[in-house]
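Novice: Questions regarding the structure given below will be posed in turn.
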Amino acid sequence: MSQDKDKIVKGIVAEFETVDTLMDACRTVRDSGYKKTDAFTPFPVHGIDTALGIKPTILPWLCLFGGMAGTGTAIAMQWWMNGIDYKYIISGKPFVSFPAFMPVAFELTILFASFAAFFGMWALNKLPRYSNPMFTDPRFDRVTDDRFFLYIDATDEKYNFAEVEKLMGDAGSAYIQPVVEDDSPKQVPRFIFMVWMLVAGLSAIPLLAVLKMRLTRSELPRFHVFFDMDFSPAKDAQHATTLFADSRTMRDDVEGTIYRGQYSEEIVSGKKVAASATVDDLRFVSRFDDEALSAAGGDRDPGGLSDEAKVELDADKKDPDNKESDQKDSAGSDAGNAGSASPDSGDAGAQPPIPDDQWLSEIPLTVDRAFIEKGKEQFNIYCAVCHGRNGSGQGLVHERARKILSQWWVPPSSLHQKSLYRDKYPDGKMFGTITYGVRKMPGYAAQIKVQDRWAIVAYIRALQETRRGSLDDVPADLRADIESAKLEAEARLKEEAEKQKKKDNATEAQK
Amino acid sequence: MSLAIPNGLDNTVERPGERAPLVLGDTTYHDITEAVCQVAERKPSVTWWLGFLVSFILLQWFGFCIAYLLYTGVGVWGNRNPVFWGWPIVNFVFWVGIGHAGTLISAILYLFRQEWRTSINRAAEAMTIFAVACAGTFPGIHVGRAWLAFWLAPYPSLNLWMWPQFRSPLLWDVFAVSTYGTVSLLFWYMGMVPDLATFRDRSKNKWRRMAYGILALGWSGSSRHWMRYEKAYALLAAFAAPLVLSVHTIVSFDFAVSQVPGWHTTIFPPYFVAGAIFSGFAMVLTLMIPARTILGLEKLITLRHLENMCKIILATGSIVGLAYGTEFFIAWYGQVEAEKFAFVNRALGPYWWAYWIMVTCNVISPQLFWFKKIRSTPWIIVVVCIFVNIGMWFERFVITITSLSRDYLPSAWAYFSPTWVDWSMLIGSFGLFFTLFLLFCRLLPIINMAETKATLAKQYHMSHDHAAGEGH
Amino acid sequence: MSEHAAPAIKPANDPAFKLPASLASLQLPLLAGGLLLLLVGFGLAYSNAAKIGFSAYLVSFIYCLTLSIGCLFFVIVQHLVRAGWSVVVRRIAELFMIMIVPLAVLFIPVLVATWMSNGLYIWTLDGWMTETVGVDPEIWKAKSGWLDPGWFTIRSLIYFAVYIGLAVFYYRGSTLQDETGQKSATEKLQYWAGPAAMLFALTTTFAAFDWVMSLAPMWFSTMFGVYMFAGAILAAHCVICLFSYLMQRCGAMRDEVTVEHYHDLGKLIFGFTFFWTYISFSQYLLIWYGNIPEETEWFWIRQTNGWGSLSVVIILFHWIVPFMGTLSRHVRRRPWAMAAWSGYLLVMHFIDVFWMIMPEAHQGITESITAVGVAGAILCGVGMLALMVGLVLSLAGNTKLLPVRDPRLGESLAFENI
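So, in structure tokens, the structure goes:
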């Protein structure tokens, strides 16, 4: 104690060994009327605040305000950013969608409330505080280990060293000591400042650099960090490359590539083009195309239908069997239907925008079996849904459409009407119809390749042939097959008819 | 019975009306201080150095892979159409899940007054923070141009003139994970301050004293400080408890708000949370059981602690199992073609092996914890927990990859195969995690001394009362 | 250490553990009045339409059921975690828990309605789903294997068997201990708490799917069982809190249930309000965001035709108001305030159940719900609750109001919040 004599005494501290003796001492001190007291313990002691008369903290209120500030910030931020300042449609949700704003609102509520709890607690405790008179006594180090201390401040009204010493001694303390001022230098050591300034200075450099870049203009080209992201390593035509054995960057076309002009204008358009056609003529042809297109697609309303279509419509309305025949096996009923549906008025009175003689009358490609097979495949993919696989105009779309919008439905044409035979309807024209569409039928130029469109024309011709040809047209070696198939089909039809009859009888009998 | 208990007392048995001790042996307050401080004060053991070396090498490898990824582009991963959320997101969800145990132990068990949490909460919280650090890495590098990840923050940009879209669950995730990381850090640090003061007061070395002194903020143990400190701790616990639920809930929203079959199901939020707790506890046990033996902390981390954690693993594992079952049932009950397919595809499709690994590890293996013998045999616990960790990684794999690889458009179906970078990053993230954890063991108090002493004080008090009661 | 001494354990036959006479005298009025109200309410709603009558009945049944199974879960969890604090209020939960037995009898009208064509569940109406709603017959064929009156009845019986088995096991274990005072009784109950909790979770999930979710047969939500459970556990804590307060007001267990227990119940009520909000919000958000027609249908009905205002009422008064109200520690430490909030939340829980069930009642019938129907549903609910409370009181007259010889009673009495 001798060396402490000339120092200012801040108070008195007494050491205790157990929680219970400390608690007793606290109560004694409180009951003796001391106000400016404090206990120091290695762990929170339950009930010591009442024993010392410590008031509850306002921390919960800080947290409430922190939390409310968080909710408010989040809602206002999201409202402003997504509802007002930057309206952008995301997954069809309203700009201000509260359900979607809830998660962030919740997170910020928690974040702000936690900040309030954390920083509020340190602020209320006036920490960090590195210079504390309590730390002057080395014995006080044990407060974070296993000793309990009770402190009475010298400014307390009742403070009197001798009295307090006796009180503490009675309470069971073996070590009672005055607490003296912390006289260690108040200044923070220089080197800490140096380090701090160095770190602060260094960390400002990148920020300053960014700021400088932001605020100045430069004539120099941009600095590229990720070079290959800014400049794609694509090759130019004459560059050499290591990727291929022949070192050429330019490669041959992939097999099957069609280059512009590979097909003659005739093949592409389906129209006759004079052999000596000039570039201007070709331009004429393409202008012609546009006209044809507008003529074909322009009159979509039934009033503006071509006569051919009107006749078809009328025939459909007149034919009372049509509905029934739709539901029956279409193979059987097709022939009659097609016949009645297209009286041979043809397109005599029609005014086709392109005269028939301008169309190619023949398919300009080699027609062989493989070609027709290709046409069959393509027909079944693109055409059969409306026109039916047998070309009778009774495709699935038609069947369904009749049921649900029979009033307005323009049925697809039967391909077996005579007006569509080659003599009335040149191959080129049929190609043009597939390409540009007609009435309700859209053009298929985008879906079907040029050769395949011709192949479909070839297949349609073959289909038409099935209804007008005779057995004699069939090569001799295939006739037997067809005959047997015919017999089989007839037998099956008969059988089914009988079955139906029996069924009908049965239901009648039931009634 | 278990010989590990110093005074021969099996504290896994608790008769009704009595409470088994949580601190074993004739332990004094000073013994607790010694036991915990010696871990950081004595020279690191060979085991520690070995572990640190391996972890550190893996961490460097992780860093190299990230650099390679940034320089080359995300094509180095196995993420291909249609599986654009491949391993990085699986790893992200896996690590976030691990990160749930710490705050759960600190916050929810604190609110439920489960005193056995005191000796494990510090290490668990540290694991939380390290796991969140691992988790945060993955979406960060997954954005493609990682150096522009700051665009996710709602800051007034001078050249974009745009704001982030708060109607996107991925942005909710940014807020959820960063809030979680921040609050966990505050909670961890705040809980550590009194113990840092202990370290400060025990330091012989001037520099050490100064470093711990600065971190301890001048803590003196004053009752007024303790009172506010405890209040703040309780408040932070009350905030962290719903926060911990919200984080994995929002991670589950990333999946569940979409319409991908197998992702869009309402059970996801509670099921993800249960799964996260499940995996987190398994990771805590995997680390703490070797640590308690190597660091000599058996008196403080007793069999009772381990047993309680096993019970929580059993409970959450069963919840996860129930959720798997419910999902399957509703997929059938709902009779939506795509959903039915998604679940059949999980169990019997090309990833059947991942699904059955998941079920075996997550649902079946924790059922072993019904047996007390297994719950109180540390090495079996470790084995089961490693299985659980594997299973939980596979759960995220199954959810993310099976659903994406076969969704509505069959022409786009594909099989996901990871690249060596995927593998390296998964393993490398463990390097980051263990490096941080091993440093933590050396530098910071790994057990909450103050709280453990408070538990001991209560134990003294109770035995004192008991003795007094018998005297009457 | 603390400033005040814990109350001493009183002998088992102390009058403080007996049902107060003032409450005992309420038994008959409650039973008779409850039955009457139930019948009148059912009749009123039935006069609106037969299906509305049964829907109103289902509302009151599910309401009382959630109280009962919520208490069952409370009891199981207390044993599971070896809780000490809750011993003094556990008997109240046990009394409500055992009400699952009379509730099984009260389920009979629901079963009867299931066997009627569109009596309650729309899926019992032949051809409705395939023809009017337009569900693919193949899909409906698969579903109707599950939603079939016979199989539905068998499942309901299984659920009741599980619930009654668990309730009787825990009730008898606890009341027998009143006589014997054996510690082994507690050990036995604890031992089975784990499996019991799992069985409970499984049963509740499927019971919620069957009894409530199947009202909209094409709608599905994996979360629905959890949603029902969240409401049930919240209501159970409210019932325990309110009843403890009533008992104390009437003179029973005055020293035993302290402000600390109310504080703890208050914290749990606050927490479960939050949990309920979390579950219901998550369910809504996922369906709202996904925006798939099959799923949005359920919420769409509840956002239109006047149900929308009820939804807003639930958001405001089942979430925001009680959340703010019970946030403060000062409220939670005032028994009367907590009792008031509990009563309030029990009303809100009724509205929640009403909102879950009634919007489905118009399906397949021409009548719409009128004021008479709503009044009928409310009377039904009040009636069945009164009936249940009457039964609880008559049972309470024959037993102690708290587990007088539970080994942890002392701990519970001395319990203090930190």
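Going down the list, the protein sequences come from chains A, B and C.
The numbers in the first sequence follow this note's numbering, run straight up by one, and end at 594.
The numbers in the second sequence follow this note's numbering, run straight up by one, and end at 482.
The numbers in the third sequence follow this note's numbering, run straight up by one, and end at 451.
For glycine and all other residues, C-beta sits at the position ideal for the given N, C-alpha and C.
Everything numeric in this text was worked out from a predicted model, so none of it was measured.
#1: Quick check: the Cα distance between A/LEU194 and B/ILE99, rounded to an integer number of angstroms?
#2: In chain C, which residues lie less than 7 Å from A/PRO125 when you measure between Cβ atoms?
#3: Under 8 Å by Cβ, that's how I've got B/CYS451 and B/PHE379 pegged, so tell me the actual separation to the nearest angstrom.
#4: Would you please verify whether the beta carbon of C/PRO44 is less than 8 Å from any beta carbon of chain B?
#5: Taking C-beta pairs closer than 8 Å, name the residues in chain B that C/PHE106 reaches, listed in chain order.
#6: Using CA coordinates, which residue listed in A/MET204, A/ILE565 and A/ALA467 is at the minimum distance from A/ILE539?
#7: Chain C partners of B/THR276, CB-CB under 8 Å?
#8: Taking the DSSP output, what are the residues bridged to A/ALA97?
#9: How would you label A/ASP220, buried or exposed, when you count the other beta carbons within 10 angstroms and need 16 or more for buried?
#10: Taking the straight line between their C-alpha atoms, what separation do you get for C/CYS461 and A/SER214?
#11: With respect to the beta strand (DSSP E) encompassing C/THR310, which residues constitute its N-terminal and C-terminal limits?
#12: By the 10 Å Cβ neighbour count, where 16 or more other Cβ atoms means buried, how is B/TRP87 classified, buried or exposed?
#13: So what's C/PRO368 in DSSP terms, helix, strand or just coil?
#14: For the alpha helix (DSSP H) containing A/PHE123, name the first residue and the last one.
#15: So with CB distances below 7 Å, who are the chain B contacts of C/LEU235?
#16: May I have the straight-line CA-CA distance separating B/THR429 from B/ALA467, to the nearest angstrom?
#17: May I ask you to report which of helix, strand or coil DSSP gives B/LYS350?
#18: What are the residues in the stretch 200-212 of chain A lying within 8 Å of chain B by C-beta distance?
#19: Hey, is A/LEU388's beta-carbon within less than 8 Å of any beta-carbon in chain B?
#20: Which residue from C/TRP161, C/LEU100 and C/SER80 puts its Cα closest to that of C/GLY397?
#21: Just mark A/THR590 as buried or exposed, buried being the case when its beta carbon has 16 or more other beta carbons within 10 Å.
#22: Indicate whether at least one CB of chain C lies closer than 8 Å to the CB of A/PRO177.
#23: Which residues in chain C sit within 7 Å of B/VAL495, going by Cβ to Cβ distance?
#24: Any C-beta of chain C sitting closer than 8 Å to the C-beta of B/GLU405?
#25: If we define contact as Cβ-Cβ less than 8 Å, is B/HIS258 a contact residue for chain A?
#26: Leaving out the 5 sequence neighbours to the left and right, which residues in its chain are closer than 8 Å to A/LYS577 when beta-carbon positions are compared?
#27: In whole angstroms, give me the CA-to-CA distance for A/ALA574 and A/ARG483.
#28: Taking Cβ positions, are C/PHE94 and C/LEU128 nearer each other than 8 Å?
#29: Got a sec, what are the start and stop residues for the alpha helix (DSSP H) C/MET162 sits in?
#30: So which of C/ALA241, C/LEU199, C/MET251 and C/LEU136 has the shortest CA-CA distance to C/VAL232?
#31: Using the three-state DSSP reduction, which class does B/ARG123 fall into: helix, strand or coil?
#32: Counting only beta-carbon atoms, is A/MET185 nearer than 8 Å to chain C?
#33: Below 8 Å on C-beta distance, what does B/GLU24 contact in chain C?
#34: DSSP has B/SER232 in a bridge; who is on the other side?
#35: Closest to A/ASP510 by CA distance: which of A/LEU448, A/SER553, A/GLY474 and A/GLY526 is it?
#36: Could you spell out the range, first to last residue, of the alpha helix (DSSP H) harbouring A/MET151?
Specialist: So, from the data block:
#1: Reading the first sequence from its first residue, position 111 is the one you call residue 194 of chain A. Reading the second sequence from its first residue, position 89 is the one you call residue 99 of chain B. Between A/LEU194 and B/ILE99, the C-alpha separation is close to 25 Å.
#2: Taking the first residue of the first sequence as position 1, residue 125 of chain A is located at position 42. Those within 7 Å of A/PRO125 in chain C number zero; the least Cβ separation is about 16 Å.
#3: Counting from 1 along the second sequence, the entry for residue 451 of chain B is found at position 441. Counting from 1 along the second sequence, the entry for residue 379 of chain B is found at position 369. Their Cβ separation, rounded to whole angstroms, is 27 Å, which puts B/CYS451 and B/PHE379 out of contact at 8 Å.
#4: Here residue 44 of chain C refers to the residue found at position 11 when the third sequence is read from its first residue. C/PRO44 does not count as touching chain B.
#5: Walking along the third sequence from the start, residue 106 of chain C turns up at place 73. Chain B residues near C/PHE106: none, gap ~13 Å exceeds 8 Å.
#6: For the purposes of this step, residue 539 of chain A is identified with residue 456 of the first sequence, where counting begins at 1. Answer by Cα proximity: A/ALA467.
#7: Stepping through the second sequence from its first residue, residue 276 of chain B is reached at position 266. Here the neighbours are SER254, THR255, MET256, PHE257, SER315, GLN316, LEU319 and ILE320.
#8: Locating residue 97 of chain A in the first sequence gives position 14, counting from the first residue. In the DSSP output, where bridge partners are listed per residue, A/ALA97 has A/LEU233 and A/ILE259.
#9: Position 137 of the first sequence holds residue 220 of chain A. Residue environment for A/ASP220: buried (at least 16 other C-beta atoms within 10 angstroms of its C-beta).
#10: Since the first and last residues shown for chain C are 34 and 451, residue 461 of chain C lies out of range.
#11: Along the third sequence, one-based indexing puts residue 310 of chain C at 277. Careful: C/THR310 lies outside any beta strand (DSSP E), inside the alpha helix (DSSP H) at 292-323.
#12: Here residue 87 of chain B refers to the residue found at position 77 of the second sequence. B/TRP87 is buried by the Cβ-count criterion.
#13: Taking the first residue of the third sequence as 1, we reach residue 368 of chain C at position 335. Here C/PRO368 sits in helix by DSSP.
#14: Here residue 123 of chain A is taken as the residue at index 40 of the first sequence, counted from 1. From DSSP, A/PHE123 is part of no alpha helix (DSSP H) but of the beta strand (DSSP E) over 120-123.
#15: What you label residue 235 of chain C is simply residue 202 of the third sequence in a count that begins at 1. Chain B residues near C/LEU235: LEU332.
#16: Translated into positions along the second sequence, residue 429 of chain B becomes position 419. Translated into positions along the second sequence, residue 467 of chain B becomes position 457. Rounded to the nearest angstrom, the two C-alpha atoms are 55 Å apart.
#17: On the second sequence, position 340 is the one that residue 350 of chain B refers to. B/LYS350 falls in the helix class under three-state DSSP.
#18: ALA200, PHE201, GLY203, MET204, TRP205, LEU207, ASN208, LEU210, PRO211 and ARG212
#19: Here residue 388 of chain A corresponds to residue number 305 of the first sequence, with the count starting at 1. Unreliable positioning characterises A/LEU388 in this predicted model, as indicated by a pLDDT of 40, which lies under 50. The coordinate reading is nonetheless provided below. No, its Cβ sits nowhere closer than 8 Å to a Cβ of chain B.
#20: As a working note, residue 397 of chain C is residue 364 in the third sequence. Here the closest residue by C-alpha is C/TRP161.
#21: Locating residue 590 of chain A in the first sequence gives position 507, where the first residue counts as 1. A/THR590 sits exposed, since fewer than 16 C-beta atoms from the chains shown fall within 10 Å of its C-beta.
#22: Taking the first residue of the first sequence as 1, we reach residue 177 of chain A at position 94. Chain C contact via Cβ: absent.
#23: No answer is possible for residue 495 of chain B: it lies beyond the span of chain B, which begins at 11 and ends at 482.
#24: Here residue 405 of chain B is taken as the residue at index 395 of the second sequence, counted from 1. No, B/GLU405 lies away from the interface with chain C (no Cβ there is under 8 Å from its Cβ).
#25: What you label residue 258 of chain B is simply residue 248 of the second sequence in a count that begins at 1. False, the Cβ-Cβ gap to chain A never drops below 8 Å.
#26: Position 494 of the first sequence, counted from the first residue, corresponds to residue 577 of chain A. Nothing meets the Cβ criterion.
#27: As a position in the first sequence, residue 574 of chain A is number 491, starting the count at 1. As a position in the first sequence, residue 483 of chain A is number 400, starting the count at 1. If I take the Cα positions, the gap works out to 30 Å.
#28: For the purposes of this step, residue 94 of chain C is taken as residue 61 along the third sequence, with counting starting at 1. For the purposes of this step, residue 128 of chain C is taken as residue 95 along the third sequence, with counting starting at 1. Not a contact, by the Cβ cut-off of 8 Å.
#29: Working through the third sequence from its first residue, we reach residue 162 of chain C at position 129. Per DSSP, C/MET162 belongs to no alpha helix (DSSP H) and is neither H nor E.
#30: As a position in the third sequence, residue 232 of chain C is number 199, starting the count at 1. Strictly speaking, residue 232 of chain C in this sequence is Leu, with Val absent from that position. Between C/LEU232 and the set C/ALA241, C/LEU199, C/MET251 and C/LEU136, the nearest pair of CA atoms involves C/LEU199.
#31: For the purposes of this step, residue 123 of chain B is taken as the residue at position 113 of the second sequence. DSSP places B/ARG123 in the coil class of the three-state scheme, outside both helix and strand.
#32: Position 102 of the first sequence, counted from the first residue, corresponds to residue 185 of chain A. Output row for A/MET185: interface = yes.
#33: Mapped onto the second sequence, residue 24 of chain B falls at position 14. In chain order: ARG115.
#34: Residue numbering aside, residue 232 of chain B sits at position 222 when the second sequence is read from its first letter. Per DSSP, A/PHE123.
#35: Here residue 510 of chain A is taken as the residue at index 427 of the first sequence, counted from 1. Comparing Cα positions, the closest option is A/LEU448.
#36: To locate residue 151 of chain A, count along the first sequence from 1; it is residue 68. 142-161 is the extent of the alpha helix (DSSP H) around A/MET151.
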